[in-house]
Amino acid sequence: MIQAGVIGVGQTNYDSKRRDVSMAGLVREAIDKAMLAADIEWDAVDAVILGKAPDMFEGVVMPELYLADAIGAVGKPVLRVHTAGSVGGSTAVIAASHVCSGQFKTVLTVTFEKQSESNATWALSPRYPYSPHINAGAGGYFAPFIREYIRRHKPPEHIGWKVAAKDRQNALKNPLAHLQIPGIDEKMVSDTPMLWEPLRYLESCPSSDGACAMVITSKDTVGPRKVAWIKGMAVRSEGTLSAGRDEVNPQGGIDCAKDIYQQAGILNPREEIDCAEIYVPFSWYEPMWLENLGFCELGEGWKLTEQGATALNGDMPINMSGGVLSSNPIGASGMIRFGEAALQVMGLAEDHQIKDAKIAMGHAYGGAAQFFAMWIVSSSPD
Amino acid sequence: MKKVAVVGYAQHKILPNAGALNEVELIMPVVHKVFKDLGISQDDIGFTCSGSCDYLQGAAFAFVEGLSAIQTSPPIKESHVEMDAAWALYESMLKIKMGDADTALIYGFGKSSPGNLDSIISLQMDPYYISPLWPDRISLAALQAQILLQKKIITHDEMMATVIEARNNAANNPNALLTDDISEDLYRADSLISSPLRGFDCPPISDGASAMVIASEDKAFDFTDNPIWIEGIDHSIESSNLGSRDLATSPTIQTAIDNLKLENINFDVAELHTQFSHEVPFLRKLLNLSNIPTNLSGGPLVGNVMMCAGLDAIGKTFQSLANDQLDHGLAHASSGPCLQHNMVVHLERHK
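Chains as they are written, first to last, in this note's numbering: chain A, 1 to 382; chain B, 1001 to 1351.
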């Protein structure tokens, strides 16, 4: 397999309504930044891989057609990925597969969501024939899984508040983050209204407009650039209603993590991974995924959060950028995790940089906690 | 890089209105069929990829339901393109070439009957300037047909001959939706929908699903003595701005001709993802297929399952090579208005 690395990451600033740009303008903003960071011109781009969550979020069917010009794909192969909330991560994996297959030298990948064009909770609550209409949105869907986690492991109530406050404190060090809440703390979170027991308003992700792009290239075309080397990448899926499925600790997440650790030669993720960007759209998913990803034993995840291990100055920093809790352009949210992991090992994460980060993880999940995409990036090719 | 072969393909009978038969119930039989033909199960599949369009089902994340048609416990390596499943094949091929899998299952599905396909396809256009005008898919295709006629690249008679031939060929395709013969008189009597396109020039609203299995050179012979190799595959897209395109030609087809060195190959058969009659003579001329049997299945004019018809062109070509002992086949898949995005596949049976 041909070794590939990220040589440029570009992100828009995230906001609830980016009325200053069209959809095309939004994706191009991220692409221009990624190509500037990678120091490449258009003739170096061999293929473009576009990802986003459902077309109903904007009302544009198969938008790679409309966006062909804006994403610089005219005359080139373009692929459009849609794997629910995990799509930003899956898109990065598929983009890298273009390079690792030996078919392409350099690819551009971009993901976006312009949630202000539509109403995500409407689009997230499909009405099927012969099925009860839940109209729950994502929070209503995931809250029962979280309640089950709490029933199993008896963590204290404030863990969710702590994650929500920590990620928003990190966001204050990331000028691109959507939510900038000066003075945010656990009390402020706990004072907000209950939305879906046990999730309060500030324990939920926002709805954001934004885009994230990356340039991925093969080892022999890297040149003198800074690189985040892809050491392992994988996807896993499981059926929504598979018999025996554990929605709280899905087997797909466990398998996907083991796969990338094996590819990267990681035996002890907590020791060997310097920091991770994990898809946490609702506060309690931080401890839930820490366990699912093997950073600790089952039932111990909330203790890492409690001890401050996942804070910027902890020994296992999680979501240094502020995470999905601070910026959530759904289709791009997974790629932001992958791109932020790359920025950390490239040493380009500025105010939210973890000192000497050499190995970082990007993680995304989607659907009914059933689609997973992950990668490990390293500052070293070896 | 590993070579990749098509080893199995199954297609659901194309239906005008599948009614209460849902997408899962369309996918399951074809996946089971292709597995049964090869004597394998999902456990033998290294990567799974599907193609579909949420809007056809009228629900975001509709593709997720499709997974209920296959075994996902234990969890599988899987992905989905919101494109014709021909591009799911493309992604799967990359996974095999990089060594991430040795086998892949590809499936595509679509039910156009419950919704309004004209409205849905309108939403593929620029959402700020064009979609609000609700240009329907037939009117957009008619623009290209009109230009091709005016520039004398094709003729009305060629369009008519295409329709008549498609119906004749459909007689040999047990899955075809439209099999009634059409006479020249009947064709000429058909009313115009959007000039110059008559009803017969347009594909029928169709429901269905198809599945394909591909394998690396290491595995292909475990499944069949007669793998059909993907010798070449190339795709690219044109501008979304119809005004900036020359609709009388196709730079993306020309790119595929160059990249795959098609001029050196003597094709025995071709299947084109041509939804409208004028597209057949147009592409046959561009691809130098005028004397090559084309769309022996009848093509999309006799059954056009959205998000699947491109994969079907590849599957039908595979079947022609495998069953009729032919050597070279050309398959084409497309996406977008006026053949905006084109894929060309060169399949080969090694003697």
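Beta carbons: idealized from backbone N, C-alpha and C, even for Gly.
Cβ of residue i within 8 Å of any chain B Cβ
i	result
A:Met-56	yes
A:Thr-83	yes
A:Leu-293	no
A:Lys-358	no
A:Thr-240	yes
A:Ile-146	no
A:Arg-236	yes
A:Ala-364	no
A:Tyr-66	yes
A:Arg-225	no
A:Val-11	This sequence places Gln at residue 11 of chain A; Val is not what is there. Judged by the 8 Å Cβ criterion, A:Gln-11 is not in contact with chain B.
A:Arg-80	yes
A:His-403	Coverage of chain A is limited to positions 1 through 382, which leaves residue 403 of chain A absent and any answer about it impossible.
A:Gly-75	yes
A:Arg-28	no
Residue nearest to residue i in terms of C-alpha spacing, selected from the options
i	options	result
B:Asp-1234	B:Ala-1256, B:Leu-1089, B:Val-1024 and B:Arg-1198	B:Ala-1256
A:Asp-167	A:Ala-276, A:Lys-226, A:Pro-224 and A:Ala-243	A:Ala-276
B:Gly-1315	B:Tyr-1009, B:Lys-1003, B:Lys-1002 and B:Ala-1005	B:Tyr-1009
A:Ser-116	A:Pro-329, A:Ser-86 and A:Phe-338	A:Pro-329
B:Leu-1339	B:Gly-1046, B:Leu-1260, B:Ala-1248 and B:Pro-1132	B:Ala-1248
A:Phe-112	A:Asn-119, A:Thr-305 and A:Ala-30	A:Ala-30
A:Ile-383	A:Trp-229, A:Asp-255, A:Arg-337 and A:Leu-293	There is simply no residue 383 of chain A to check, as chain A begins at 1 and stops at 382 in what is shown.
B:Pro-1127	A:Leu-304, A:Glu-157, A:Ile-150 and A:Leu-67	A:Leu-67
B:Lys-1406	B:Pro-1075, B:Thr-1162 and B:Gly-1058	The requested residue 1406 of chain B does not occur in the structure, where chain B is confined to residues 1001 to 1351.
A:Ile-376	A:Leu-348, A:Val-21, A:Ala-257 and A:Asp-315	A:Ala-257
Buried or exposed (CB count within 10 angstroms, at least 16 for buried), residue i
i	result
A:Asp-356	exposed
B:Asn-1295	buried
A:Met-194	exposed
A:Leu-267	exposed
B:Gln-1319	buried
B:Asp-1312	buried
B:Phe-1221	exposed
A:Trp-42	exposed
B:Arg-1188	exposed
A:Gly-252	buried
A:Ser-327	buried
A:Gly-183	exposed
A:His-363	buried
C-beta neighbour in chain A for residue i, strict 8 Å
i	result
B:Gly-1042	Just to set this straight, residue 1042 of chain B is Gln in the shown sequence, not Gly. No, no contact with chain A.
B:Lys-1003	no
B:Met-1083	yes
B:Met-1212	no
B:Lys-1097	yes
B:Trp-1087	yes
B:Asn-1168	no
B:Thr-1255	yes
Unbroken beta strand (DSSP E) run spanning residue i, endpoints
i	result
B:Tyr-1107	1103-1111
B:Ile-1214	1207-1216
B:Asp-1037	No beta strand (DSSP E) holds B:Asp-1037; the alpha helix (DSSP H) holding it covers 1023-1038.
B:Tyr-1009	1004-1011
A:Ile-376	371-378
A:Met-1	Note, A:Met-1: premise wrong, no beta strand (DSSP E); not H, not E.
A:Ser-237	228-237
B:Phe-1047	1047-1051
A:Tyr-365	359-366
B:Ser-1194	1192-1194
B:Arg-1349	1341-1349
B:Phe-1221	Per DSSP, B:Phe-1221 belongs to no beta strand (DSSP E); it is in the alpha helix (DSSP H), 1220-1223.
B:Asp-1237	In the sequence under discussion, the amino acid at residue 1237 of chain B is Ile, which differs from the Asp named in the question. Its beta strand (DSSP E) spans residues 1228-1237.
Boundaries (first-last residue) of the alpha helix (DSSP H) holding residue i
i	result
B:Glu-1271	Where B:Glu-1271 is concerned, there is no enclosing alpha helix (DSSP H), although the beta strand (DSSP E) it sits in stretches over 1269-1271.
B:Gly-1243	Segment: none, B:Gly-1243 is in no alpha helix (DSSP H) and carries neither H nor E.
B:Val-1280	1279-1286
heavy atom of the ligand PLP below 7 Å from residue i C-beta
i	result
A:Asp-351	What this structure holds is no ligand at all, so the ligand PLP is not there to describe.
Taking 8 Å as the cut-off, does the region 176-183 of chain A touch the region 76-84 of chain A (at least 3 CB pairs, one atom from each stretch)? no
Does the region 204-213 of chain A come within contact of the region 7-19 of chain A, defined as at least 3 CB pairs closer than 8 Å? yes
Can you find at least 3 beta carbon pairs, one from the region 138-145 of chain A and one from the region 304-322 of chain A, that sit closer than 8 Å? no
The region 1089-1102 of chain B / the region 1064-1071 of chain B touching (three or more Cβ pairs under 8 Å): no
Evaluate the contact criterion for the region 1095-1110 of chain B versus the region 1001-1008 of chain B: three or more CB pairs, one atom per stretch, below 8 Å. yes
Give a yes or no on contact between the region 95-115 of chain A and the region 1158-1178 of chain B, applying the rule of three or more CB pairs nearer than 8 Å. no
Kindly confirm or deny that the region 1053-1065 of chain B and the region 1032-1045 of chain B touch, where touching means at least three C-beta pairs closer than 8 Å. no
Is the region 293-302 of chain A close to the region 149-158 of chain A, with three or more CB pairs under 8 Å? yes
On the three-pair Cβ rule with 8 Å, is the region 270-288 of chain A touching the region 318-333 of chain A? yes
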